[in-house]
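10 is the number of the first residue of the sequence shown in this note's numbering; add one for each residue after it.
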Amino acid sequence: MKSLLSACCLVLALFAQVAVAEAPASGTPGNTASGQIKAYCLDFNWSIPDRKRKPFATPGTWADADPAQHVAWYKMIGANVIQSFCVSNNGYAWYKNGVVPAQPGLKHDFLPEVVKLGHKEGMLVMGYFCVAANQKWGIDHPDLSYGTPSTYHIPYTDEYLAYLSASITDAVKKTGIDGLMFDWVWMPARNSFQWLDCEKKLYTQLMGEDFPGEDKLIPGSPLYRAYGRKALERCWKTIHKAAKDANPKCILWLTSNQINHPMLLNSEMYKEVDWIMNECGDMKRIEAVKAMIGAHTRLITCLADWNGQDARQLVPEALAAGVGLYGFAAPRDEHGLVPLDKILSRPVSELSGDDRNIAMLARAYHGAPIDSVWNGKDGFVSPTK
């Protein structure tokens, strides 16, 4: 453990010099095209902060979230990238007067205001779409969705892709975001492998042959993978066109909890996407896809309680490899925040789970030693001060 901490301190000390050199001027988004990606997300998707996935957050949860408080939170941990939400998994938007209805009771025009305030602090602001799950879409279109579970449930029909395209275009044009994170770019989970009529039609449309029957399309089979790759490729082309047509500079960020899945390996998506993240967090999976990505594509790793990564080990490894850093956690109060006073002021060694992840990322983002603590007035200081 002693050697691990020493290595961590050395890497963070080196990072401190880089962080100062790359600090953007106020009002100018950080140069993450060449500098370190230092991102975080206060995750509005889930109701309860827990390792186990709970139902999607009820529409209107955290509807009074204050953009100024949220930007101040990200500034306090030293992030240069805020990952917020265009549309969260419940299917409602985090901005007003858009193609997608806003979260019920939304007090502020949340995302556009976060963008304006974040840009003043030199931060990039990224929106979010969950591609294979949207509870409202499933409720409104029961014939085009495998129910509304808290998992993948949407086949990529013409109707859904038209909705997704319009939603992306609207969000990029109206909110001023710098880019988009796309999550759950997966095939739907089907109950007992019974396919909807709309997806049988989609199979014929993409494969140029009659639907062969569910028994011929068992997940993992060559035929199923061939169909899945075509469906995912078409979905990706829809995402790419909608975002880049709305803003050619829009950063497209793919997050995947199965970055080495056969349906994604060597795909056009991997070559064209701007940022790609291994949500499982380990560096081994990241190394495995390096040869498959575009020359411009940035790699990012993830810290979250569910993936069980040790922040004390992963952070210095990522920094040494030039891999971006990201973390997320569910809010813990009615304002959609995670209180920081009892996290940053304590030694990393006393913390666990998301608290330790936040504490470690904040020190890396500020270029502070691992043994430093936050005292409020002076930021992170050594324990002897």
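Even for Gly, the Cβ is constructed at its ideal location relative to N, Cα and C.
On a predicted model such as this, the values are computed, not experimentally measured, just so you know.
Measuring CA to CA, which of the options is closest to residue i?
i	options	result
Leu211	Glu168, Trp245, Tyr172 and Ser230	Glu168
Gly303	Lys293, Pro158 and Glu277	Glu277
Ile268	Lys280, Glu242, Leu261 and Ile295	Ile295
Tyr165	Gly237, Thr70 and Arg372	Gly237
Met135	Met292, Cys95 and Asn275	Cys95
His8	Asn200, Ala77, Leu323 and Gly156	With the chain covering 10 to 394 only, the question about residue 8 has no answer from this structure.
Ser201	Leu241, Ala240, Tyr155 and Ala371	Tyr155
Pro110	Tyr161, Ile352, Gln144 and Met292	Gln144
Ala338	Pro325, Leu370 and Gly376	Leu370
Ile352	Lys63, Lys47, Asn54 and Ile86	Ile86
Lys386	Ser159, Ser354 and Gln92	Ser354
Val181	Ala300, Gln203 and Val124	Val124
Gly331	Leu261, Met292 and Met190	Met292
Leu133	Val80, Ala102, Asn99 and Asp187	Asp187
Ala102	Met301, Trp71 and Leu232	Trp71
Trp262	His270, Ser56 and Tyr279	Tyr279
Ser93	Ala297, Lys63, Leu274 and Phe191	Phe191
Ala297	Leu189, Gly217 and His270	His270
Ala255	Thr157, Thr67, Lys84 and Leu189	Leu189
Got a sec? Which residues, its chain only, sit under 8 Å from residue i by beta carbon, not counting five neighbours each side?
i	result
Trp82	Leu51, Leu346, Val347 and Leu349
Ser35	Low local confidence applies: a pLDDT of 40 at Ser35 is under 50, so the model's placement there is unreliable, with the coordinate-based value given in what follows. Lys129, Glu130 and Gly131.
Asp219	Thr213
Leu215	Tyr236, Lys239, Ala240 and Arg243
Ser381	Arg372, Phe389, Val390, Ser391 and Pro392
Ile46	Asn89, Val90, Trp284, Arg307, Ile309, Gly333, Leu334 and Tyr335
Pro231	none
Leu126	Pro76, Ala77 and Val80
Thr67	Ser56 and Asn99
Please state the DSSP three-state secondary structure of residue i.
i	result
Lys250	helix
Thr264	strand
Trp71	coil
Phe94	coil
Ala34	Its pLDDT being 38, under 50, Ala34 is placed unreliably by the model, and nothing is read from it.
Ser215	Note that residue 215 is Leu in the sequence shown, not Ser. Three-state result, Leu215: helix.
Arg365	helix
Tyr161	coil
Ala338	strand
Val124	helix
Ile227	coil
Trp103	coil
Ala66	coil
Asn40	At Asn40 the pLDDT is 49, less than 50, meaning the model places this residue with poor confidence; the figure from the coordinates comes in the next sentence. Coil at Asn40, not helix or strand.
Tyr279	helix
Val415	Lying outside 10 to 394, the shown extent of the chain, residue 415 is not represented and no answer is given.
Arg321	helix
Ile309	strand
Ala175	helix
Tyr137	strand
With a CB to CB cut of under 7 Å and the five nearest residues on each side skipped, what residues in its chain are close to residue i?
i	result
Gly69	Gln112, Pro113 and Gly114
Asn266	Glu288 and Cys289
Lys253	Cys259
Lys105	Ala111, Leu115 and Asp118
Pro197	Ala141, Tyr155, Tyr161, His162, Ile163 and Pro164
Gly100	Asn143, Gln144, Lys145 and Trp146
Tyr233	Leu226 and Ile227
Just checking my contact of residue i with residue j at CB under 8 Å: how many whole Å lie between their CB atoms?
i	j	result
Ala264	Glu288	Reading off the sequence, residue 264 comes out as Thr, not Ala. Indeed, because the Cβ distance is near 5 Å, the residues count as touching under 8 Å.
Asp75	His344	6 Å
Thr310	Met286	7 Å
Ala141	Trp195	5 Å
Gly333	Ala48	7 Å
Pro121	Thr184	5 Å
Ser97	Tyr161	That belief does not hold up - the Cβ atoms of Ser97 and Tyr161 are roughly 15 Å apart, past 8 Å.
Cys139	Trp204	Contact flag wrong, Cβ pair sits at about 22 Å.
Among the residues of its own chain, which have a CB less than 6 Å from the CB of residue i, if the five just before and after it don't count?
i	result
Asn366	Leu312, Ala320 and Gly336
Lys209	Phe220
Asp73	Lys116
Val108	Ala175, Ser176 and Asp179
Val20	Confidence at Val20 is low in this model, with a pLDDT of 46, below 50, so its placement is unreliable and the value that follows should be read with caution. So the qualifying residues of the chain are Pro325, Leu328 and Ala329.
His375	Gly87 and Phe389
Ala377	Phe389
Phe65	Asn98, Asn99, Gln144 and Ser159
Asn54	Ser97 and Asn98
Ser12	Its pLDDT being 45, under 50, Ser12 is placed unreliably in this model, and the value from its coordinates should be taken loosely. Cβ neighbours of Ser12 beyond the five flanking positions: none.
Gly222	none
Asn275	Met301
Does the Cβ of residue i lie closer than 7 Å to at least one heavy atom of the ligand MG?
i	result
Val382	Absent from the structure shown: the ligand MG. Ligands present: none.
> Are three or more beta carbon pairs between the stretch 347-366 and the stretch 311-318 nearer than 8 Å?
Replying inline: Yes: the two stretches touch, three or more of their Cβ pairs being nearer than 8 Å.
>> With a threshold of 8 Å, are at least 3 pairs of Cβ atoms found where one atom belongs to the stretch 171-182 and the other to the stretch 222-242?
In response: Touching, no.
> Touch check for the stretch 151-159 and the stretch 243-257: three-plus C-beta pairs under 8 Å?
Replying inline: The stretch 151-159 is not in contact with the stretch 243-257.
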